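Heads up, the thing below is written out as structure tokens.
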Amino acid sequence: MSDPKKQRRLWYTVGGVLIVAFLAYGATSFKSNLTPYVSFEEAQRSPRKVQVAGGLVPDSTSYLEAEETLQFGMVEDGGATMTVRYEGVKPGNFEEATQIVAIGTYSSGVFHAEQLLVKCPSKYQGIDEAPRSYGSET
Amino acid sequence: MGRVGATLKWLLLIWMLVVIWAAFLWVPSAQGFKGESSRIVFFHVPTAWVATLAFLVSCIASVMYLRRRSPVDDHRAAVSAGLGLLFAILATVTGAIFARIMWGAYWNWDPRQTSITILLLIYAAYFALRGAVPDPEKRATLAAVYSILAFVTVPFLVFVVPRIYFSLHPDVVTNPDPDNRLDSAHALVLLASTMGFTGLYAWLYSVGSRIEAIRHRRRQEVL
């Protein structure tokens, strides 16, 4: 209390420690809770509704027009695959999907999706331009 | 405000009108997007950028307040945090609209959506804190410390989270794949729009700071 300089330094130290602690807390506590996506393995164990994310297994799509049932294989980052069934109209350009999010539950070997989020390849490049030949500049 | 300020204000209006025209009519439709949804990038990215900038300015003003103890710095910090919150909400809304069109749902707690929600709550709490302390000096000190702590989370929530987790969110500005970058028309309009939105923020910030200064003076006169 007697030396204001010392006191100020103390406050700076306390502030610095607080900021570092805050960062560390943020990094650790958010890590597991921030993403809603679970792994396929977790989805198969969980009885609750979960979200899984991954890519589309090429040529795995089959669609029954009459019953509006879409079935396809989904592949995870680590390489695990899972069969997904979705009852509803097939989203447009589904075969081109680069990333798929399925929301639903897993039972008896199949993931029953209630909702599908589909991301198709897109570029912020005009479609009016002539198609480019990439990699041929040299 | 002076003549320079007035001129800048009109220039900003013309600039923004040109940006809006270019965003909707001049830039060609983009590859692979549903409808014209790609055009939202010219408003979504600048609002997110301005929100980050505004939170940074609030943090700097808060540091200044703790050093100088001038009520002006406190007003600046509060005005900038308010603008940051406004632009962060705009970024959230434009993002949700894009998500509905492109992926099929307004909201699915994608990591980007979760992180901006946390950010909105953190800065909403800043105003709850300000509203809860009646003594101006105590309020300014507490708010300044809180604003600095709040900004510590911003780089984490805005830049780190989307790069750690799987996310549907497009990564156009820092995309490592050169084939996926913006073409020159998109890049030009995005840059112009970002500059325009930054100017808009600067103008709102100056108006807000002056309003706070007048309020402060009137309170002093009453006392």
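Just so you know, the sequences run in chain order A and B.
So the first sequence is numbered by my numbering: it starts at 1 and just counts up by one.
So the second sequence is numbered by my numbering: it starts at 1001 and just counts up by one.
We put the CB at the ideal spot given by N, CA and C, even for glycine.
Just so it is clear, the structure is predicted and the values come from calculations on it, not from any experiment.
(message) Let me check understanding here. Comparing Cα to Cα, which of A:R45, A:K5 and A:A53 lies closest to A102 (chain A)?
(response) A:A53
(request) From the DSSP output, in three-state form, read off R1217 (chain B) for me. (result) Residue state, collapsed to three classes: helix.
(request) Can you tell me which of the three DSSP states D3 (chain A) falls into? (result) In the structure shown, D3 (chain A) falls within a coil segment according to DSSP collapsed to helix, strand and coil.
(message) Can you check whether the C-beta of M1102 (chain B) is within less than 8 Å of a C-beta belonging to chain A?
(response) It does: the Cβ of M1102 (chain B) has a partner Cβ on chain A nearer than 8 Å.
(request) Ignore the nearest five residues each way along the sequence and tell me which others in L1142 (chain B)'s own chain have a CB closer than 7 Å to its CB. (result) Around L1142 (chain B): L1129 and V1133.
(message) Once DSSP output is grouped into helix, strand and coil, what is the label at E62 (chain A)?
(response) According to the sequence shown, residue 62 (chain A) is Ser rather than Glu. Reduced to three states, the DSSP call for S62 (chain A) is strand.
(request) State the start and end residues of the unbroken alpha helix (DSSP H) segment that holds H1075 (chain B). (result) P1071 to M1102
(request) Could you tell me which of B:S1062, B:A1023, B:Y1065 and B:I1164 sits nearest to T1194 (chain B), measuring between CA atoms? (result) B:A1023
(request) Could you tell me which of B:I1040, B:V1079 and B:D1110 sits nearest to L117 (chain A), measuring between CA atoms? (result) Nearest of B:I1040, B:V1079 and B:D1110 to L117 (chain A), Cα basis: B:D1110.
(message) Using the three-state DSSP reduction, which class does K123 (chain A) fall into: helix, strand or coil?
(response) The DSSP-derived three-state label of K123 (chain A) is strand.
(message) Just to make sure I have the definition right: I need the residues of chain A whose C-beta is within less than 9 Å of the C-beta of G1095 (chain B). Which are they?
(response) Simply none; closest approach about 14 Å.
(request) Return the CA-CA distance between E137 (chain A) and D1073 (chain B), expressed in angstroms with no decimal places. (result) With a pLDDT of 36 at E137 (chain A), under the threshold of 50, the modelled position of that residue is not reliable, and the figure given next carries that caveat. In this structure, the straight-line span from the alpha carbon of E137 (chain A) to that of D1073 (chain B) is close to 54 Å.
(request) Can you have a look at F106 (chain A) and say buried or exposed, based on whether 16 or more other CB atoms are within 10 angstroms of its CB? (result) Per the sequence shown, the amino acid found at residue 106 (chain A) is Tyr instead of Phe. Buried.
(request) State buried or exposed for A130 (chain A), treating a residue as buried only when at least 16 other CB atoms are found within 10 Å of its CB. (result) Annotation note: pLDDT 47 at A130 (chain A) (below 50); position unreliable, coordinate value reported separately. The residue is exposed, with fewer than 16 neighbouring Cβ atoms inside 10 Å.
(request) Go through its chain and collect everything with a Cβ distance to A1096 (chain B)'s Cβ below 8 Å, but skip five positions before and after it. (result) Y1106, W1107 and Q1113
(request) State yes or no: is the C-beta of T81 (chain A) within less than 8 Å of the C-beta of V75 (chain A)? (result) yes
(message) Just to make sure I have the definition right: I need the residues of chain A whose C-beta is within less than 9 Å of the C-beta of D1183 (chain B). Which are they?
(response) Residues of chain A whose Cβ lies closer than 9 Å to the Cβ of D1183 (chain B) are, in chain order, K123, Y124, Q125, G126 and E129.
(message) Run through chain A and tell me which residues come within less than 7 Å of W1109 (chain B), C-beta to C-beta.
(response) P36
(request) Determine, using beta carbons only, whether P1028 (chain B) and A1185 (chain B) come nearer to each other than 8 Å. (result) Cβ distance < 8 Å, so P1028 (chain B) and A1185 (chain B) count as in contact.
(message) For Q44 (chain A), tell me which candidate among A:G109, A:A24, A:S62 and A:Y86 has the shortest Cα-Cα distance.
(response) A:G109
(message) What residue range does the alpha helix (DSSP H) around V101 (chain A) cover?
(response) Premise fails: V101 (chain A) lies in the beta strand (DSSP E), Q99 to S107, not in any alpha helix (DSSP H).
(message) For a quick check, are the C-beta atoms of M1102 (chain B) and F1033 (chain B) less than 8 Å apart?
(response) yes
(message) Let me make sure I understand the geometry here. Which of B:L1121, B:I1164, B:L1204 and B:W1021 has the alpha-carbon closest to that of F1151 (chain B)?
(response) B:L1121
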